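Quick note on numbering: the sequence shown equals residues 1 to 555 in my numbering.
By construction, the Cβ of each residue, glycine as well, lies at the ideal position given by its N, Cα and C atoms.
Everything numeric in this text was worked out from a predicted model, so none of it was measured.
Here is the structure we will look at.
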Amino acid sequence: MGNDEIVDALELLVKLWDVHGVNEFKSKNLAFAARGLDKYPGKISSLSETELLQIPGVGKSIVKIILDLIQVGGSTDLDGILEQTPPGILNLLKIKGLGPKKVGLIWKELGITDLDDLLTACEENRLEQLKGFGKAVQENVQLYIQFLKQNSKKLRLDKATHLSQIILEQLKSKFNQVAEAGELSRNCEVISELVFLVESTDIFGSGALINSIDGMEEDIKESSPFTWRGVFHGHLLSIQIHIISPDQWGNALFQQVAHPEHLVAIQFYKHFQGKSIASDKEVYESLALPYIIPEMREGFKEFEWSQKHQSDELIQYSDLKGCLHNHSTYSDGKNTLLEMAEACRAQGLQYFGIADHSQYAAYANGLKEDRVIAQQEEIDQLNARWNDFTILKGIEADILPDGSLDYDASVLARFDYVVASVHAQLAMDIDRSMPRVIKAIENPYTSILGHPTGRLLLTRAGFPLHMDKILDACKANGVSIELNASPYRLDLDWRYIYDAMDKGIYVSINPDAHQIEGIRDMEYGVKVGRKGGLLRSLTLNALNLHDLKTFFKKA
């Protein structure tokens with residue numbers, strides 16, 4: 001069992017103890033231990049009992065739970081309380097703004113154990129009558145349940161990519177030619193359906209081959225002789241598999257990769273219906289149009305973009321020179337400053353920017369001034385080791401509700417750059433969000449606006465912003481806007497990258513990495529950056545170190 005699975009199991013046990021009203025002291029101890037284990041950089045399953053006891057918060061009773069999880073893949077404590085818990089309670093625990101104790105109260109006072117019944121209680125104004133709830137909590141719960149239900153059959157880009165690879169490998173074992181199409185082939189940030197093409201002259205036999213793949217579950221009512229429809233076992237995401245004859249392969253592939261709006265824009269059906277196409281480049285050449293890469297074929301702004309730019313100007317992963325906005329064990333990261341820097345250096349990058357959380361983020365062990373000084377002293381010592389690599393002194397400073405940053409000017413001046421981000425009090429209307437973010441952009445020490453809307457894909461909608469005014473403010477104040485590359489965020493939304501390019505604003509592809517593995521999330525940033533027309537010349541961390549420092553100085 002991996003570290004994340006162990007920590008997730010312990011955190012679930014904490015929540016269920018709180019739902020059931022188990023001894024609060026016991027629950028808090030386990031929560032503290034889970035945080036300590038979450039920060040442990042090594043492999044927890046390889047630790048002895050003595051070594052486990054050295055981790056902060058881990059006592060003998062907790063060691064027993066951990067060893068059970070490692071050795072048998074379960075825990076009598078967790079299994080026992082799960083048996084006493086209606087399955088729907090686990091879904092209630094996903095609702096933002098409802099802690100485990102509130103979930104327990106809803107269960108005990110209203111007898112509610114699933115999302116549908118809780119939504120009904122909100123609509124009937126029964127939730128607001130519970131002690132400690134009120135109208136605002138009820139409204140937030142109602143909106144969040146609707147958001148969850150709307151997105152229940154979708155996957156983030158990273159999850160969908162993983163599932164697609166599993167299915168592709170199985171399809172390749174059955175068919176000579178297989179291709180991925182639909183939203184995933186266009187690197188959409190959220191995937192509502194997986195689409196594949198398989199080449200075959202045996203239409204009816206192909207359906208049987210697909211059904212022979214372990215895990216494929218056909219929806220017979222929705223399927224047709226030419227299109228298999230269904231799901232993969234354990235997933236709600238819809239799957240389409242189109243069975244294509246060899247002479248129609250090129251035509252079908254182009255049609256299934258592009259968004260319908262893109263097909264309309266090039267009058268695809270008028271020019272190519274029923275015709276054989278050798279390659280996608282043939283489509284654009286025959287229409288005297290510039291080539292549009294697959295991920296940009298959305299029918300959005302790709303043709304306006306192509307009037308000014310060429311596809312070879314788009315950012316590629318190999319263009320990235322460094323990695324900005326990362327966390328270490330100084331705040332809530334899992335790896336040390338040195339480990340994170342060495343991982344970037346091993347990937348051939350020229351610089352690494354540390355941007356641990358600032359003091360306002362107490363929940364993330366944010367840095368007080370004395371720890372800022374200590375970290376920067378360590379950076380100076382580490383930088384003396386290398387002549388081919390540099391650690392930059394950054395910080396992720398919280399944007400406070402009034403728009404100020406949570407250090408005074410004397411501290412902010414110590415950093416090479418500042419990522420300004422909103423983390424708290426995210427429930428804002430436009431009248432509150434705009435002054436708050438604009439003021440932060442106008443702060444002379446702000447270098448990068450971090451995850452601009454605060455969204456978490458399929459989990460939390462971002463707060464509203466007039467993005468055109470935000471981009472104007474970034475341009476006027478010499479501030480880069482972040483494309484947070486974590487697949488949980490992918491914020492800035494790719495649709496606004498077109499506007500950022502038009503205004504000449506630098507976009508920073510930042511992984512927001514909290515451990516070494518997270519550094520590679522920049523790959524997702526590059527994918528959706530290209531989707532929005534992100535140019536190499538306007539990607540902040542594609543700059544060399546000298547030019548990057550010049551940008552940070554706002555010279």
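Check whether chain B comes within 9 Å of residue i, counting only Cβ atoms and requiring the distance to be less than that.
i	result
S486	Absent here is chain B; the protein component of the structure consists of one chain.
Output yes or no for whether 9 Å exceeds the beta carbon distance between residue i and residue j.
i	j	result
L287	L540	no
L465	R489	no
L382	A341	yes
L118	L130	no
A500	I481	yes
I509	A485	yes
H259	E298	yes
V257	S185	yes
I497	G454	no
L93	K149	no
T529	P511	According to the sequence as given, residue 529 is Gly; it is not Thr. Against a cut-off of 9 Å, the Cβ pair of P511 and G529 comes out as no contact.
L471	K503	yes
W107	V22	no
L115	I145	yes
L157	K527	yes
G234	S276	no
A9	L78	yes
A513	H327	yes
E442	A413	no
K39	D332	yes
What does residue i pair with, by DSSP beta-bridge criteria?
i	result
M216	F232
Y417	G394
Y291	Note: Y291 sits in no beta bridge, so no partner.
Q240	V195, R229
D491	N484
N510	N484
T539	V507
Y498	Note: Y498 sits in no beta bridge, so no partner.
L405	I399
By a C-beta neighbour count over all protein chains shown, 10 Å radius and 16 as the cutoff for buried, is residue i buried or exposed?
i	result
I379	buried
N335	buried
Y506	buried
L53	exposed
Y269	exposed
D312	exposed
H546	exposed
L236	exposed
F25	exposed
W386	exposed
I451	Position check: residue 451 holds His in this sequence, whereas Ile was assumed. Looking at its Cβ environment, which holds 16 or more other Cβ atoms inside 10 Å, H451 is buried.
S318	exposed
N187	buried
V479	buried
I239	buried
P246	exposed
D388	exposed
Could you check how far apart the C-beta atoms of residue i and residue j are, in whole angstroms? I think they sit under 8 Å.
i	j	result
I395	A355	6 Å
N211	E218	6 Å
Y445	V422	That pair is no contact at about 16 Å.
V437	V411	The pair is not a contact, with the Cβ atoms about 21 Å apart (cut-off 8 Å).
L194	G182	7 Å
E139	S164	Going by Cβ atoms, the distance from E139 to S164 rounds to 37 Å, so no, they are not a contact pair.
I70	S45	5 Å
L320	Y330	Their Cβ separation, rounded to whole angstroms, is 24 Å, which puts L320 and Y330 out of contact at 8 Å.
A34	E51	Not a contact, Cβ separation roughly 17 Å.
Can you determine whether any heavy atom of the ligand NAP sits closer than 8 Å to the C-beta of residue i, and answer yes or no?
i	result
Q177	The ligand NAP is not part of the structure shown, which contains no ligands of any sort.
>> Could you tell me which whole alpha helix (DSSP H) segments of length 4 or greater appear in the region 439-479?
In response: 467-476
>> Going residue by residue through the region 353-387, where are the continuous alpha helix (DSSP H) segments of at least 4 residues, counting only ones entirely within it?
In response: 369-383
>> At 4 residues or longer, what runs of the alpha helix (DSSP H) sit wholly inside the region 144-224?
In response: 157-172, 182-185, 203-211
>> Going residue by residue through the region 13-52, where are the continuous alpha helix (DSSP H) segments of at least 4 residues, counting only ones entirely within it?
In response: 24-38
>> Report the start-end ranges of each beta strand (DSSP E) in the region 302-333 that is 3 residues or longer and not cut off at the edges.
In response: For the beta strand (DSSP E) assignment, the uninterrupted runs of no fewer than 3 residues enclosed by the region 302-333 are, from N- to C-terminal side, 322-326.
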